[in-house]
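For reference, the structure is listed below as structure tokens.
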Amino acid sequence: TCTVFAHKSTEAWETIINALLNSGLYLTASWPVHTEMKARLRASESAALASSIYMVCCKRTEKKTAYFNEIKPQIEVRIKEKLDQFWNEGIGGSDFFISAIGPAMEVFGKYEGVEKLSGEKVSAKELLEYIRKSVSEYALTKILKSPQLGGIDEETRFYLLWRWTYNSAKVHFDDARKLAQA
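Counting in this note's numbering, the sequence shown runs from 4 upward without gaps.
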């Protein structure tokens with residue numbers, strides 16, 4: 004199955020992730036493809052996406068459960084592999100954050116359920132928060148050309164990510180809040 008999706012809101016991505024997982028599908032590949040015109044009015048006035056995400060899905064055949072802390076390293080490796088590729092291809096801003104969802108879902112979606120050590124199920128919202136944090140860290144190391152981020156205060160991190168992601172575009176408060184929390 005191939006699905007095309009283009010939306011930057013967390014709620015929309017939660018919905019599509021839950022729909023895929025609940026139907027027993029998992030991602031085997033995903034690509035951000037520039038499908039939106041840069042010259043359109045909405046693109047020049049906001050932080051609109053320039054890409055749609057093309058996702059190839061397969062039916063999950065195994066009914067395994069995983070612990071989130073055990074698959075986090077696999078998610079990190081997969082995200083980093085793809086982010087290296089996307090960075091080199093010049094994908095940036097909001098599209099860069101959205102492009103990491105597919106690679107994370109390639110790992111997360113293999114399992115019928117992903118749980119915390121407490122036995123509580125990891126939600127799509129929690130996965131998206133984890134992805135946002137991972138991408139933020141990656142982007143900052145690239146922006147600053149340094150793997151060491153320890154000496155950077157939260158306000159500076161937010162400002163750097165804001166400028167890199169949105170430049171001077173108008174952004175909804177919730178998008179800014181989520182970036183600040185990353």
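Heads up, the beta-carbon is just placed ideally off N, CA and C, and yes, glycines get one too.
In this text, all values refer to a predicted model and were calculated from it rather than measured experimentally.
Rounded C-alpha distance that separates residue i from residue j
i, j, result
"residue 21", "residue 127", "7 Å"
"residue 53", "residue 104", "16 Å"
"residue 16", "residue 10", "7 Å"
"residue 143", "residue 152", "8 Å"
"residue 63", "residue 107", "16 Å"
"residue 4", "residue 24", "13 Å"
"residue 150", "residue 14", "31 Å"
is_contact[residue i, chain C] using C-beta, thresh 8 Å
i, result
"residue 17", "Absent from the structure: chain C. Only one protein chain is present."
Backbone secondary structure at residue i - three-state DSSP
i, result
"residue 150", "coil"
"residue 95", "coil"
"residue 105", "helix"
Cβ neighbours of residue i in the same chain (closer than 6 Å, five flanking residues each side left out)
i, result
"residue 61", "31"
"residue 7", "55 and 57"
"residue 77", "110"
Residues bridged to residue i [DSSP beta-bridge criterion]
i, result
"residue 56", "8 and 35"
"residue 143", "Its beta-bridge partners do not exist; DSSP assigns none."
Of the listed residues the options, nearest to residue i (C-alpha basis)
i, options, result
"residue 65", "115, 83, 79 and 100", "115"
"residue 165", "72, 70 and 100", "100"
"residue 2", "91, 136, 120 and 125", "As shown, the chain starts at 4 and ends at 185. That puts residue 2 outside it, with no answer to give."
"residue 12", "87, 132 and 118", "132"
Other residues of its chain near residue i: CB distance less than 7 Å, five sequence neighbours each side excluded
i, result
"residue 146", "163 and 167"
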